[in-house]
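J.: Numbering (our numbering), first residue to last: 127 to 928.
Before I ask anything, let me first share the structure, which is written out below as C-alpha cells.
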Amino acid sequence: MVDEIDQPVASATVTLQKIDNTDRRHYFRERRETDHVGRVGFDSVGPGRYAIRVLAERGQFVSLPDHPSIEQHSITVEDDARQLVSTVRLVRGTPVVFRVSVGGQELPGARMLLHDLDREYRTEIAMNELIEREVRLVAGRWTARVDPVPGYLLTSVEVNRTLFPNDVAEFDLPLSAQAWYVNFEFAALATIGGRVTFKKDAFGMSVVSHLMEPGAWLSAAQARGGSKYDRVSARPIYPTYEYEMVVPTGLWTVRPESPGLEFSEPPEARVRLEAGDYEVIDFVVDGSPRGGRDSVRVLVEGPDGRRVRGAQVEAWPADPDARGREPIAEDKAAWWDAFLYGLADQEHLFVAGKPGYVEAGTLFTPDPKKRQVRLQLGKGATVHAVALDGEGEPTPDVNVALTRGDDYVSLLTDREVIDWVARPAGKTDGSGHLWLRGVYPGLYVLSGSFESKDESMFFAEFRNKGDTSWQREMDKVYRDTETDEIEIRLAPAGVLRATLHCSDGGELPPEADLLVLDGVPNDEPDSWWENGVLRSKAHVLEGERRNTFHIGPLDTGAYNLLVRPQGHNRWTWAIGTEAPEEAAVLTVAAGSPTDLGAIPIDCAPAISVVPIPPDGIDLPDLIKTGIFDPPAELTGTWTTGDGDERRIGHGRLVAEPDHVQFRDLPEGEIRSTVTLWNPLFLPKPSLDISVNATLERGKTVEVSPPLPGIGGAIEIDLAQVQLDGASVRAIRVAPLHERPGERTSEPRNVEVDGSKVIVTSLPEGDYDLDLCFDLECASRVPLWRGVEIEAGVILSPTASPR
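In C-alpha cells:
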C-alpha cells in the first residue's frame, strides 16, 4: 500500500473479498493489516475476482467499489496463478457528507448513486437508515442522485446551498480537508396502512397501490424527476402482518398481490388521499406459498437471451375492443421473473417492456398444465453521439433527446416506459459520448442543449457522421436495429434570467411555470402554452431563497416572458404585470444572459366577477359606462386559519372593461356578497352575487353571474334646460308603448339631486320625459317626447323642453 508520492502506508486495514459468483463453494473474505513497509499478504486464494477494501489512517475510508478513492479497486486471480503481487495506490479524498431526509427523518432504503465523470466510474452508497453519512471522494467532477424510493417525492437537491433544478447534484470536488455537503430532501404526502389476515397459513405477498388519478404534485415531480409514484408496495410484517406505505396524494387502487393469492376480501379498495391523510385498509386473504392455480409466470429476456431484471409485465384482454385504461394484471420482474394472478383460462395479450429495450408481446392462453410465458425484448435502434468542442476535446453533459413525431403509443402503463417511448433522452459522458439504446422504430426529431456552470447556454447542433452540414434539429427515422452515428457541436444561445418575489412580501412557491413567447398573442390564455417558443413546467427555482431562474436556450431576438408560480392560476408578464398590453419586450442576444432583475408577483388571493349578458347581447364596457363610485363592493366575513371569523375588507378594486377584481384579499374561507353597479343593468342598476369560497395564495376565484338583461339609460343636464325660475324636483319617465317580446316598464319618477340626473335601467323602447315641480309629479311640463332608448347606450339629449 502506497500513497500519492509512493510512500508506504502502514497499519492500514485491508479486506480481500471474493465478488464473483462463479463458484459459491470458494467463498473468501479475510481482513489483515499492512506492516511497517505497507505490505499485506493473503494465502489460499482461489481463482476469481476480488475486491480490495482499505481503511487507512485518520479513518479515511478509501476502498472501492464502496467508495471510489483508490485507483486499483479489484484484482483477478487466474486458475494457474501461484503468486500475484499487486500495488494499491491510496488517494486522499475530500470528506463529503450526504444527507437524505424526509421531513427531518431518514428515508427508508435510500441509496446514493455516484458517478465519477473524470474516471467514468459508478458506485453506490447505502444510507443504512441514516439521515447523514460521510464518505471521502477523490477530487474531480461528480454527480450524485438518490435511487428513487417509491411513494416519496423528491423536492430539493443542493450542494453547499446551491440548488439544482432536477434530481442530479453535479459538483466539481477539490482536494480539501473541509467537508462538502450534498442534500436531498423528499416529501411524504400521505400514508396507507392496515393489516392482512390469512384465513389459513401465511404466504409471501405484498399490498400494492396503483395510482389512478394524481394530485397537483404531478407536474412538479415530472419536471424534477427522481421520484417513483405509479406503483407503491409494502409487505405485511410478521407477526402482526401489518403493512404501511407512503404515497403521494390522489386516487389510488389498493390490493394484495402474490403468485399464491387465491382469495381476497375485499379484492381491492379505492381511496382518494389528501395531504396528511392516513388511510387504514385491511384485507383477509387465502392462498398457498407455491402460487395459486391462476398465477402465470412470465420470463423476460433481452435480445441476447439473458434475463432482464426490473421489466414491467402486464396482461391485457386479447380483444383490442375489450381493453380499458388498466391491464387485467401487472407486475415488475423483481429479479428475473414476474408473476401475474387473477387470469382466467382464456387468451390474453402479455406485454413486457423496460427503458433501453423495445417492448415485446405475445398472445397466450393459460391452462392448468401450462402457466409460463417467455417474452424476449427487442434490441431497437442505437444512437451513438459524440460531442467535441472547437479544439477537438470531448464535451460532457450535453443534453440530447429524441422527441417522437408519430402517433405510436406503448400499450404498457408504466410511466418510465411511456416516457422512454415518447422521448428517449440522455447526456454525453466525460468522454463526450452518448449511447441511446432500445429506441423504438418510428419518426423522431433530434434536439439538444448544453448549460455551462456560469449559466451560459448553447444549442446543440447535429450532423450525421461524415456529413458537412450542421442542423439544430434533425428528422430521424428508425426501422429496426440500426446504429445511428451522430456528431455534436455547440452554438452560443441567449438566456433570460430573473428573480421573483411576492409583492406582498409573502412566501413564494419553489417552482414556477415559465413560458417564452415571440410576441403578445391575441388568442385566449389557454392556447398560450402550446404556442410557446420555450416552456418549462414546474421549473425549480434556484438560489438560496429559491426565487431565481434562468431559461434558454434562445435565438437572438425579441421575446415576451410569462411566469406562473406553482399553485397559482394567474400568469404574470415580465417585468411585473398581468395585463398583456403592458408586457415588456425582452431583447435576447446569443452568448450573453439577459438579466431582467426582479419581477414582482401578485401572490395574494383575489376574486374576479365577470358578468354574462343574455345571448345575442354584448356586455357594455364597464369602465366607459360606469357612473357609480366605486363600481363594485365586497362585503362579508372570512375565517382565519385559527378558526376566527372576521369581517372581510374591501380589498383593492381593479375595474376592467368586462370584469372587476378584488385583489389583496386574505387567505381562508369566505362568505361574502359582491355588488356590481352599472346604469345599463336590468331590471335594476345593481347586481348582487354570493361568493362562498376558499381563498388561496396566487389564485383568483372567478364568478360569472348571469345578467337578466341589458337596457339603456339617459343623462339629463338640467343646467341646459331653460326654465322661468321654477325648481325641478323630479323627472317623470313614461313608456309610450310596449314592443313585442320586450320588457314592460311602468312610469317612474326620478328625484332630482343636483344639476345632473341619470335615469338608469330602461328597457329598450320609446319614452316621454317630463319635468316635475313636486316629487309626485302632480305639476309637470313636457321635457322630451318619443325618446328612443337602445340597449347598451347612455343618451345625453341637449334640447330644451317642448
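Beta carbons are placed, not taken as given, at the ideal position from N, Cα and C, and that holds for glycine.
With a Cβ-Cβ cutoff of 7 angstroms, do M338 and V214 count as a contact?
T.: Contact flag unset, no.
J.: What residues are listed by DSSP as bridge partners for K496?
T.: Answer is D493, bridged to K496.
J.: By alpha-carbon positions, which one of F224, G235 and R267 ends up nearest to R259?
T.: Nearest option by C-alpha distance: F224.
J.: Do L844 and S881 have their CB atoms nearer than 7 angstroms?
T.: Result yes, Cβ atoms of L844 and S881 sit closer than 7 angstroms.
J.: Go ahead and label H193 buried or exposed: buried means 16 or more other beta carbons lie within 10 angstroms of its beta carbon, across all protein chains shown.
T.: Caution applies to H193, whose pLDDT of 41 falls short of 50 and renders its modelled position unreliable; the value that the coordinates give is listed next. Buried, by the Cβ-count rule.
J.: Beta carbon of R435, beta carbon of D463: below 7 angstroms?
T.: Cβ distance not < 7 angstroms, so R435 and D463 don't count as in contact.
J.: Determine the DSSP secondary structure at E708, reduced to helix, strand or coil.
T.: DSSP places E708 in helix when its eight states are reduced to three.
J.: Helix, strand or coil for E822, going by three-state DSSP, please let me know.
T.: Of the three classes helix, strand and coil, the one that applies to E822 here is coil, per DSSP.
J.: Flag this pair as touching only if the region 779-798 and the region 811-829 have three or more C-beta atom pairs under 8 angstroms; answer yes or no.
T.: In short, these stretches touch, since the Cβ pair count reaches three.
J.: So, does the region 903-917 touch the region 825-839, judging by three or more C-beta pairs under 8 angstroms?
T.: Yes, the region 903-917 touches the region 825-839.
J.: On a CA-only basis, which of K591, A551 and E581 is nearest S573? Give me that one, please.
T.: That would be A551, whose Cα lies nearest to the Cα of S573.
J.: Any idea what DSSP makes of A349, helix, strand or coil?
T.: Note: A349 maps to helix in three-state DSSP.
J.: Just mark I178 as buried or exposed, buried being the case when its beta carbon has 16 or more other beta carbons within 10 Å.
T.: Result: buried.
J.: Do you know how far the Cα of T801 is from the Cα of F754?
T.: Near 12 angstroms, if we compare the C-alpha coordinates of T801 and F754.
J.: Find the nearest neighbour of F312 within the set P234, L377 and R262, judged by alpha-carbon distance.
T.: Closest by alpha carbon: P234.
J.: Where does the unbroken alpha helix (DSSP H) through I842 begin, and where does it stop?
T.: Per DSSP, I842 belongs to no alpha helix (DSSP H); it is in the beta strand (DSSP E), G838 to D843.
J.: Would the beta-carbon of G386 fall within 7 angstroms of that of F329?
T.: Yes, the Cβ-Cβ distance between G386 and F329 is below 7 angstroms.
J.: Assuming contact is defined by CB atoms lying nearer than 7 angstroms, are V477 and G531 in contact in what I supplied?
T.: Not in contact: V477 and G531 (Cβ atoms no closer than 7 angstroms).
J.: If you run the structure through DSSP and keep just helix, strand and coil, what is L110?
T.: Since the first and last residues shown for the chain are 127 and 928, residue 110 lies out of range.
J.: With a threshold of 16 other CB atoms inside 10 Å of the CB of K144, please say whether the residue is buried or exposed.
T.: With 16 or more Cβ atoms within 10 Å of its Cβ, K144 is classed as buried.
J.: May I have a chain-ordered list of the alpha helix (DSSP H) segments no shorter than 4 residues that lie completely inside the region 312-390?
T.: Segments of the alpha helix (DSSP H) lying fully in the region 312-390: 344-350.
J.: Give the range of the beta strand (DSSP E) segment to which E296 is assigned.
T.: Counting along the chain, the beta strand (DSSP E) containing E296 begins and ends at A295 to L299.
J.: So, do the region 773-787 and the region 887-897 have three or more beta carbon pairs nearer to each other than 8 angstroms?
T.: Flag = no, the region 773-787 and the region 887-897 do not touch.
J.: Use the C-beta contact count for K480: other C-beta atoms within 10 angstroms, 16 or more gives buried, fewer gives exposed.
T.: Classification for K480: buried.
J.: Once DSSP output is grouped into helix, strand and coil, what is the label at V543?
T.: Looking at V543 - three-state DSSP - the assignment turns out to be helix.
J.: Would you identify the three-state DSSP class for A444, choosing helix, strand or coil?
T.: It is coil, neither helix nor strand.
J.: In chain order, which continuous runs of the alpha helix (DSSP H) of length 4 or greater are located wholly inside the region 623-701?
T.: Within the region 623-701, no complete alpha helix (DSSP H) run reaches 4 residues.
J.: Helix, strand or coil, according to DSSP, for A507 in the structure here?
T.: Strand.
J.: Looking at M331: is its Cβ nearer than 7 angstroms to the Cβ of S384?
T.: Against a cut-off of 7 angstroms, the Cβ pair of S384 and M331 comes out as a contact.
J.: In this structure, does DSSP put Q304 in helix, strand or coil?
T.: Reduced to three states, the DSSP call for Q304 is coil.
J.: Under a Cβ-count criterion, where at least 16 other Cβ atoms within 10 Å of its own Cβ denotes burial, should D886 be classed as buried or exposed?
T.: Reading off the sequence shown, one finds Thr at residue 886, where the question assumed Asp. It counts as buried.
J.: Taking 8 angstroms as the limit between beta carbons, can you name the residues of its chain near N673, skipping five residues before and five after?
T.: T625, L626, H627, L634 and L667, listed in sequence order.
J.: Quick one: what's got a C-beta closer than 8 angstroms to E232's C-beta in the same chain, skipping five residues either side?
T.: Counting only Cβ-Cβ distances below 8 angstroms, and skipping sequence neighbours, we find V226, M253, E255, L256 and I257.
J.: From what residue to what residue does the beta strand (DSSP E) around T220 run?
T.: T220 to V228 is the span of the beta strand (DSSP E), which, as asked, contains T220.
J.: At which residues does the beta strand (DSSP E) containing N875 begin and terminate?
T.: It spans R874 to E877 - the beta strand (DSSP E) in which N875 sits, taken as one unbroken run.
J.: Do L560 and V603 have their CB atoms nearer than 7 angstroms?
T.: Contact flag unset, no.
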